[in-house]
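> For the sequence shown, UniProt numbering gives the first residue as 1, with consecutive numbering after it.
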Amino acid sequence: MSETSRERFQSTLCRARKIAVLTGAGVSAESGIPTFRGAGGLWRRYEATSLASPEAWRRDPGLVWEFYNHRRERALGCAPNPGHHALAQLEARWREAGRAFTLITQNIDGLHEKAGSRSPVRLHGSLWQVRCLSCGSVTENRDVPITPAFAGSGSPDPEAPARRFTAAELPRCGCGGVLRPHVVWFGEALQESDLAAAAAGVEGCDLLLVVGTSAVVYPAAGFVPMAKRHGALIAEVNVEPSAISGLCDVVFTGGSGAILPSLLDVTPA
Ligand code: OAD
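1) Would you check if the distance between the CB atom of leucine 208 and the CB atom of leucine 42 is smaller than 8 angstroms?
2) Could you say which of Ala269, Arg59, Ala220 and Glu203 lies nearest to lysine 228 if we only look at CA atoms?
3) Just checking my contact of leucine 123 with threonine 105 at CB under 8 angstroms: how many whole Å lie between their CB atoms?
4) Report the three-state DSSP secondary structure of residue 277 (helix, strand or coil).
5) Suppose you measure from the CA of serine 245 to the CA of proline 148; what does that come to, to the nearest Å?
6) Taking glycine 110 as the reference, give the member of Glu236, Ser134, Arg37 and Val27 with the closest Cα.
7) Given arginine 164, which residues of its chain have a CB within under 7 angstroms of its CB, disregarding the five upstream and five downstream residues?
8) Are the region 167-187 and the region 89-100 in contact at 8 angstroms, needing three or more beta carbon pairs?
9) Counting only runs of 4+ residues fully inside the region 49-132, write out the alpha helix (DSSP H) ranges in chain order.
10) Return the CA-CA distance between cysteine 135 and arginine 172, expressed in angstroms with no decimal places.
11) Considering only heavy atoms of the ligand OAD, does any lie closer than 7 angstroms to the CB of alanine 215?
12) As an exercise, report each continuous alpha helix (DSSP H) stretch of at least 4 residues that is fully enclosed by the region 181-239, in chain order.
13) Are the beta-carbon atoms belonging to alanine 269 and arginine 15 less than 8 angstroms from one another?
14) At what residue ranges does the region 128-184 contain a whole run of the beta strand (DSSP E), taking only runs of 3 or more?
15) In three-state terms, what does DSSP make of threonine 267?
16) Given serine 53, which residues of its chain have a CB within under 7 angstroms of its CB, disregarding the five upstream and five downstream residues?
17) Helix, strand or coil, according to DSSP, for alanine 258 in the structure here?
18) Go to threonine 4, then tell me how far its alpha helix (DSSP H) extends in each direction, as first and last residue.
19) How about threonine 35: is its Cβ closer than 7 angstroms to a heavy atom in the ligand MN?
20) Does alanine 29 come out as helix, strand or coil in the three-state DSSP assignment?
21) DSSP on phenylalanine 252, reduced to helix/strand/coil?
22) Beta carbon of phenylalanine 9, beta carbon of valine 250: below 8 angstroms?
23) DSSP on threonine 23, reduced to helix/strand/coil?
24) Could you tell me if the beta carbon of valine 211 falls within a distance shorter than 7 angstroms of some heavy atom in the ligand OAD?
25) Of the choices Leu133, Phe223 and Gly83, whose alpha-carbon is the least far from that of serine 256?
26) Look at the alpha carbon of threonine 253 and the alpha carbon of glycine 154, and state the distance between them as a whole number of angstroms.
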């Protein structure tokens with residue numbers, strides 16, 4: 001009898017000395033957080049660069065904050081789903097066994113951390129951190145609304161003229177400088193330290209599990225060929241084919257919250 005994809009995946013998983021997991025917006029979809037490119041995705045409604053780019057910030061920082069304030073408001077009420085929990089539990093078992101495990105996420109929602117994942121590599125920053133444009137300090141910030149002026153502002157309406165927020169209504173650092181979201185925007189470089197941590201986790205891994213990403217944004221998309229070059233088994237969990245499905249050794253089609261708990265219910269051998 002030929003081995004099923006699940007058997008092949010689980011037999012590699014239980015023997016894996018080094019595991020890397022790459023997640024994207026799809027892993028949080030079952031928690032109620034919209035993805036970017038699929039049906040109902042944020043970039044279907046908005047022009048990405050009009051809200052998530054340095055140019056957008058220069059043009060209208062209030063509009064950019066309105067977008068992130070809305071995303072914070074939405075994420076605040078969302079809980080990790082069984083997919084986030086299954087990944088956190090897998091990490092705990094692997095660390096307990098003294099084996100290597102790296103979770104790399106493109107998500108900024110903080111749900112992996114809420115589920116118990118320890119120090120995921122956050123390639124695109126965090127919805128819950130702000131950075132001062134004057135002194136450069138990065139701080140945790142969970143204020144929703146981000147300042148009183150943003151209370152009830154909702155999401156920016158691409159069909160209507162933008163509401164203008166004044167400079168005095170923007171969030172400020174203790175030093176007086178304006179705060180921006182500590183996230184990576186289109187056209188900005190990723191943090192070198194995050195890239196190095198992600199690459200170190202992927203290089204030489206026995207298994208790379210890719211969950212809920214369209215895999216069209218670099219450098220995240222580049223981790224798949226990197227792992228493959230080193231001979232890792234590449235597995236994907238997604239509701240539909242992605243840009244990297246053709247490179248994967250095993251593909252599991254369906255929601256990650258439904259699939260991951262039983263797929264990852266494996267102890268290190
Ligand atoms: P995308 O919106 O591009 O892709 C989401 C993926 O999740 C798609 O492949 C869906 O098929 C899949 N998906 C949807 N629901 C799922 C579920 N329940 N279980 C599993 N998979 C599911 O999001 P990302 O690939 O994360 O960057 O996008 C990458 C980056 O592009 C984001 O971090 C963001 C965006 O522009 C910045 O903002 C810088």
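Built from N, CA and C at the ideal position, the CB exists for glycine as well.
Since this is a predicted model, take the numbers as computed values, not measurements.
The answer reads as follows:
1) Counting from 1 along the sequence shown, the entry for residue 208 is found at position 208. Counting from 1 along the sequence shown, the entry for residue 42 is found at position 42. With respect to the 8 angstroms criterion, leucine 208 and leucine 42 are not classified as neighbours on the basis of their beta carbons.
2) Counted from its first residue, the sequence shown places residue 228 at position 228. Taking only the C-alpha atoms, the option nearest lysine 228 is Glu203.
3) By 1-based counting over the sequence shown, the position of residue 123 is 123. By 1-based counting over the sequence shown, the position of residue 105 is 105. Leucine 123 to threonine 105, Cβ: 7 angstroms. Contact.
4) In this structure the chain extends from 1 to 269, so residue 277 is not present and cannot be described.
5) As a position in the sequence shown, residue 245 is number 245, starting the count at 1. As a position in the sequence shown, residue 148 is number 148, starting the count at 1. Computed Cα separation, rounded: 45 angstroms.
6) Walking along the sequence shown from the start, residue 110 turns up at place 110. Ranking the options by Cα distance to glycine 110, first place goes to Val27.
7) For the purposes of this step, residue 164 is taken as the residue at position 164 of the sequence shown. The answer, listed in chain order, is Gly62.
8) With fewer than three CB-CB distances shorter than 8 angstroms, the region 167-187 does not count as touching the region 89-100.
9) 54-59, 61-76, 82-96 and 111-115
10) Here the question's residue 135 lines up with position 135 in the sequence shown. Here the question's residue 172 lines up with position 172 in the sequence shown. Each residue's Cα considered, the two are about 11 angstroms apart.
11) Mapped onto the sequence shown, residue 215 falls at position 215. Under cutoff, so the answer is yes.
12) 192-202 and 223-229
13) To locate residue 269, count along the sequence shown from 1; it is residue 269. To locate residue 15, count along the sequence shown from 1; it is residue 15. Contact: yes.
14) 138-140 and 179-183
15) Here residue 267 is taken as the residue at index 267 of the sequence shown, counted from 1. Looking at threonine 267 - three-state DSSP - the assignment turns out to be coil, as it is neither helix nor strand.
16) The sequence position of residue 53 within the sequence shown is 53, counting from 1. For serine 53, where only same-chain residues beyond five positions count, the Cβ hits under 7 angstroms are Trp185, Phe186 and Gly187.
17) On the sequence shown, residue 258 is found 258 positions in, with the first residue counted as 1. Reduced to three states, the DSSP call for alanine 258 is helix.
18) The count along the sequence shown starts at 1 and reaches residue 4 at position 4. No alpha helix (DSSP H) holds threonine 4; DSSP gives it neither H nor E.
19) This structure lacks the ligand MN; the ligands present are the ligand OAD.
20) Locating residue 29 in the sequence shown gives position 29, where the first residue counts as 1. In the structure shown, alanine 29 sits in a helix (DSSP, three-state: H, G or I).
21) Counted from its first residue, the sequence shown places residue 252 at position 252. DSSP places phenylalanine 252 in strand when its eight states are reduced to three.
22) As a first step, residue 9 is located in the sequence shown; it is residue number 9 there, counting from the start. As a first step, residue 250 is located in the sequence shown; it is residue number 250 there, counting from the start. The answer is yes: Cβ separation under 8 angstroms.
23) Within the sequence shown, numbered from 1, the residue matching residue 23 stands at position 23. Strand, per DSSP.
24) Along the sequence shown, one-based indexing puts residue 211 at 211. Yes; taking the cut-off as 7 angstroms, the Cβ of valine 211 has a heavy atom of the ligand OAD nearer than that.
25) Counting from one through the sequence shown, the residue named residue 256 turns up at place 256. Serine 256 has its Cα closest to that of Gly83, out of Leu133, Phe223 and Gly83.
26) Here residue 253 refers to the residue found at position 253 when the sequence shown is read from its first residue. Here residue 154 refers to the residue found at position 154 when the sequence shown is read from its first residue. C-alpha separation (whole angstroms): 34 angstroms.
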